[in-house]
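According to this note's numbering, the stretch in the sequence shown is residues -11 to 85, in order. Taking it in order: structure first as structure tokens, then the write-up.
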Amino acid sequence: MTKTLHHFIDGKLVEGKSGRMGDVFNPATGDVTALVPLATADEVRDAIRSAAAALPGWAATPPARRTQVLFKFRELLIQHTDDLAEMLSAEHGKTIP
-11 MTKTLHHFID GKLVEGKSGR MGDVFNPATG DVTALVPLAT ADEVRDAIRS
39 AAAALPGWAA TPPARRTQVL FKFRELLIQH TDDLAEMLSA EHGKTIP
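Listed below in structure tokens is the structure:
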């Protein structure tokens, strides 16, 4: 089964508006494993605006709080190591020993 991916804009999953999709291939087999929406110029601008709007808040966040966020991210990476390994393995067309 082929899954359909979405854009992630302003903290939300967003379906593409262009109606155009790109294939995501398994590099080991050449099989199409997913479809990704091809963004419109407006969607690209929305993503850029959202990122630019978020930057001042993050920049103003005290270093101690940013450290907490990054350590939480580290915990989540450790917690989901197997899932991430499977996704990266599929993305690169390699097997996990």
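The beta carbon of each residue, even a glycine, is placed where N, CA and C say it ideally should be.
Listed in chain order, the non-local C-beta contacts of A35 below 6 Å within the same chain comprise I(-3), local neighbours out to five positions each way being set aside.
Secondary structure of A35 (DSSP, three-state): helix.
Each of K5, A47 and L64 was checked against the Cα of V24, and the nearest Cα belongs to K5. The distance from the Cβ of S77 to that of T83 is about 7 Å, consistent with a contact at the 8 Å cut-off.
By the C-beta density criterion, A16 is exposed, having fewer than 16 other C-beta atoms within 10 angstroms. For T55, the enclosing alpha helix (DSSP H) has its first and last residue at P51 to Q67.
Taking H80 as reference, the option from F13, M9 and V2 with the minimal CA-CA separation is F13. In this structure, K0 is the residue among K0, P85 and L72 with its C-alpha nearest to the C-alpha of E31. Your pair K(-9) and A22 checks out as a contact, with CB atoms roughly 5 Å apart and the cut at 8 Å.
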